[in-house]
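Asker:
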Amino acid sequence: MCMRKNECIAMLLAGGEGRRLGVLTKDLAKPAVPFGGKYRIIDFTLSNCVHSGIETVGVLTQYQPLMLTRHLGIGSPWGLDRREGGMHVLPPYVRQKGGTWYKGTANAIYQNLGFLESYDPEYVLIISGDHIYKMDYDLLLEAHKKNNADATIAVISVPWADASRFGIMKVNEEGRIVEFAEKPKKPTSNLASMGVYMFNWSVLKESLIRDEANAQSSNDFGKDIIPTLLAEDARLFSYQFNDYWKDVGTIDSLWEANMDLLEERPSLQLNDRSWRIFTANPNQPAHYVAPSAKVQSSLINEGCVVEGAINRSVLFNGARVGEGSLVEDSILLPGAVVGRNAKIIRAIVGEGAVVGDGCQVGSFDSEDIAVVGSGETIALTTEDKEAETV
Amino acid sequence: MKLPMMGVINLIHEADEMEALTGNRCLASVPFGGRYRLIDFALSSMVNSGIPNVAVFAHRKFRSLMDHLGSGSNWDLHRKMSGLFLLPPSMEDQTDFGKGDLYHFYRHRDYFTRTPLEYVVISRSHMVCNVDFAKVLDQHRESGAEVTVVCKRTPEGTPGLARKAKLDDSGRIVEMQDHFGRLDSDIVSMEMYVLSKELLLDLVETSLAQGRDHFVRHAILTRLHQLNVRAYMHEGVLGVVNNIAAYYQHSMELLRPEVWRELFFKPGSIYTKVKDEPPTHYRSGADVSNSLIANGCDIEGAVTGSILFRGVKVAKGAVVRNSIVMQNGIIGENGVLENCILDKEVEIRPQVQLRGSSEVPFIALKRKVI
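Chains as they are written, first to last, in my numbering: chain A, 20 to 409; chain B, 9 to 378.
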């Protein structure tokens, strides 16, 4: 088979469970979690690939892939339905000698060495479908080439207090990595790995084969591959990224990242024609804002019907809010329905969930973000109703 | 389910009095309802009814229409075997261009003969509606009609230019007149005709042989006494959109939630070309009520009784009242619009005030800066 030569192809890790997202990832993988009124988390990395000129992307799926693969389709929303290359969904599979689940991030790529070999690229970009950011990977590749690096890791400065949650590295003045620690208790730097790695294909292949042979390894890029390469004095460079980047791994951070979009000048600009975020569009009509509605500092997507008050909130396609209701500091996922005279405060209401007339979800006093799971119904009990009429 | 019927959206000599709005585009590609083009309604209805292939007989000014339709993928019409066919005039010489639709059907008769589908529905593009053609075909077969015309009862004074029809007690059309005729009837033709392919090809050939080349005027209206032509009464929403008054009034009808719900969702969804615009950003100070707002807008000012298409910016202090602002319009700070229709990419500079009336809305041409 003759394939057009790809200089760089991307491997997108999308099998994450996202356990800390609770009910939101009960039936779907973390990359498929809705974000920003219209998107799913994975749309950001996929759109980044396309805008960076990467036209061959392997998407590695594992946990709860139904919704994710339905969303991905054959890649057409991102223009990745190609005769040559394009998007490939790569789940773990059975072979003659057994076959296993993806054991770790490195093992997932290892199990797909055959896929990479069929394209035989110069460079392989490893990214994950768990993060919200807009990044030109081509600039990363340029830096990688300029440094004559074996691998380049994109890094971002994080607050010192958060540093122990990330893979932290120390770099010298030319950006070469001199020290790497995965989730260090006492961080010596605040440069965090974004989970974006550019590898020379030959280096990656060799390290993955060696890593797989090592029975002690946990087969993880951050814990095994990078430290091993560093110990061997490989040319590992950092690439400093200075724009918006967020790991939306918890309910709080997911909520926060949505709220970030509502600022007067959001640091993540969705309305950017040069770097549009593509997604599978539901094709619903323009949303309707009724005379009784009041909408402030919010994002509202197509297909919504708004009759209540919306303040600092994000409404996904087809969400409905009845008259007399208040939605504040909240997120309504696709098709969520809020009845009349209900209150949704500091909450995430799941896909197709229904909050009945007069109900309240969440409150201003609560530290935690309230979550209504997808398809759930919340209604006043008969006692509530009696109490109300009294 | 697949219906044994092919679709034709006939844009040949499609009459319009849309003035500036069709200066550079055909009626079929006039933007409507915040994100659609007029053709989306007939096209989506056909697709939702299970019609597997649709030919668009293009005629004039169809660049934007081609751009809009593309491969047909937004309507799931990018099929291997059937799907969307865009058929511009195929002519022997330039004078053929002015000939009637029957001539153009004849030139493209291969489109009709190459599929085994038994029936044809011929529609125009300017009827804003959501029709289930499977039901029309059911009635067509059950009633023994040779031609079934989709019709709608409309109250006196409804804007838009439409043919009127008179039925006998059995539902047969005994008289039909152009919109300027004096026929006293509240039943208008939606210009959607269902007939067998065999009859259509026969009408094409016999009419052309007699030197007559207009489908409705010649092939149908002169044969009302020979052919069994019956009406199918459409119960849903209808907007006949072929002049400015109708465009404005039927647009504003969409602000009634029951019309919005019915037109866009029942019996199927209306599809259009997607643009990947982000959700609309309402900023603090935004004051929006009774309006239809598409994606990608950025609103800081006041909008009421209006329709904003995709990517419209309304700056601080601006007021948009009873107006229609098409794609990528910009309303500068403290600008005021009242009863206006702004074509695509119009920019209203800060402090500028524009006012039309509800009978005669002010129209700004595409890409004007005012």
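Ideal Cβ positions, reconstructed from N, Cα and C, are used throughout, including at glycine.
Nearest by alpha-carbon distance to A/LYS57: which of A/ASN336, A/GLY377, A/GLY381 is it?
Answerer: The residue with the shortest Cα to Cα distance from A/LYS57 is A/ASN336.
Asker: Taking a Cβ distance cut-off of 7 Å, strictly less, list which residues of the stretch 285-310 of chain B are near chain A, in chain order.
Answerer: Interface annotation for the stretch 285-310 of chain B against chain A: PRO286, PRO287, THR288, HIS289, TYR290, ARG291, SER292, ALA294, VAL296, SER297, ASN298, SER299, LEU300, ILE301, ALA302, ASN303, GLY304, ASP306, criterion Cβ-Cβ distance under 7 Å.
Asker: Starting from B/TYR279, find everything on chain A with Cβ-Cβ shorter than 7 Å and list it in chain order.
Answerer: ASN302
Asker: Beta carbon of A/SER66, beta carbon of A/ARG295: below 9 Å?
Answerer: Going by C-beta atoms, A/SER66 is nearer than 9 Å to A/ARG295.
Asker: Answer yes or no: does any C-beta atom of chain A fall closer than 9 Å to that of B/GLY91?
Answerer: no
Asker: Select from the stretch 237-254 of chain B all residues with a C-beta closer than 9 Å to any C-beta belonging to chain A, and list them in chain order.
Answerer: none
Asker: Roughly how many angstroms separate the alpha carbons of B/LYS10 and B/SER57, rounded to a whole number?
Answerer: When rounded, the distance between both Cα atoms is 8 Å.
Asker: Answer with yes or no whether the minimum CB distance from A/VAL314 to chain B is below 9 Å.
Answerer: yes
Asker: Work out the CA separation of B/MET260 and B/GLU213 for me, nearest whole Å.
Answerer: Rounded to the nearest angstrom, the two C-alpha atoms are 43 Å apart.
Asker: Would you verify that the beta carbon of A/LEU99 is, or is not, closer than 9 Å to some beta carbon of chain B?
Answerer: no
Asker: For B/VAL282, go through chain A and note every residue whose CB falls closer than 7 Å to its CB, in chain order.
Answerer: ASN300, ASN302
Asker: Within this structure, are the beta carbons of A/ASP157 and A/GLY72 separated by less than 9 Å?
Answerer: yes
Asker: Name the chain B residues that come within less than 7 Å of A/PRO310, Cβ to Cβ?
Answerer: SER297, ASN298
Asker: Closer than 9 Å by beta-carbon distance: list the chain A residues that pair up with B/ARG329, in chain order.
Answerer: The contacting residues do not exist; B/ARG329 stays about 13 Å from chain A at best.
Asker: Helix or strand or just coil, what does DSSP make of A/ILE61?
Answerer: Collapsing the DSSP output to three states places A/ILE61 in a helix.
Asker: On the DSSP bridge assignment, give the partners of B/GLU355 in chain order.
Answerer: B/ILE338, B/VAL377
Asker: Name, in chain order, the residues that DSSP records as bridge partners for B/THR156.
Answerer: B/VAL202, B/ARG238
Asker: Give the DSSP bridge partners of A/PHE54, in chain order.
Answerer: A/TYR58
Asker: Please work out which residues of its chain come closer than 6 Å, Cβ to Cβ, to A/GLY214, disregarding the five sequence neighbours upstream and downstream, and give them in chain order.
Answerer: Correct list, in chain order: SER147.
Asker: Output, in chain order, the set of chain B residues within a Cβ distance shorter than 9 Å of A/VAL324.
Answerer: PRO265, TRP268, ARG269
Asker: Name the chain A residues that come within less than 9 Å of B/GLY41, Cβ to Cβ?
Answerer: PRO304, ALA305
Asker: Output needed for B/SER197: all residues of its chain with C-beta closer than 7 Å, excluding positions within five of it in sequence on either side, in chain order.
Answerer: VAL157, CYS159, ALA170, ARG171, ALA173, MET184
Asker: So, is B/MET241 buried or exposed, given that buried needs 16 or more other C-beta atoms within 10 angstroms?
Answerer: exposed
Asker: Spell out whether any CB of chain B is found under 9 Å from the CB atom of A/LEU334.
Answerer: yes
Asker: I need the boundaries of the beta strand (DSSP E) containing A/ASN219, first residue and last residue.
Answerer: Where A/ASN219 is concerned, the enclosing beta strand (DSSP E) stretches over 210-219.
Asker: Out of curiosity, what's the CA-to-CA distance linking B/SER215 and B/VAL182?
Answerer: 20 Å
Asker: If we count the other Cβ atoms within 10 Å of its Cβ and call it buried at 16 or more, is A/CYS21 buried or exposed?
Answerer: The predicted model places A/CYS21 with a pLDDT of 39, which falls under 50 and marks its position as unreliable, so this point remains unresolved.
Asker: Classify A/LYS265: buried if its beta carbon has 16 or more other beta carbons within 10 angstroms, exposed otherwise.
Answerer: buried
Asker: Using DSSP's beta-bridge definition, name the partner residues of B/ALA372.
Answerer: BP columns for B/ALA372 point to B/LEU350.
Asker: Determine the direct distance from the alpha carbon of A/HIS306 to that of B/ARG318, and round the result to whole angstroms.
Answerer: 11 Å
Asker: Whole angstroms is fine: what's the gap from B/LYS374's alpha carbon to B/GLN257's?
Answerer: 21 Å
Asker: Check the Cβ-Cβ distances between A/ASN320 and every residue of chain B, and say whether any is below 9 Å.
Answerer: yes
Asker: Find the residues of chain A that neighbour B/PHE272, judging by a C-beta separation of less than 7 Å, and give them in chain order.
Answerer: PRO304
Asker: Considering only residues of the stretch 52-80 of chain B, which uninterrupted beta strand (DSSP E) runs meet the minimum length of 3 residues and lie entirely inside it, listed in chain order?
Answerer: 61-65
Asker: Only counting the same chain, and skipping five residues up and downstream in sequence, which positions put a Cβ closer than 6 Å to that of B/PHE272?
Answerer: The residues are ILE278.
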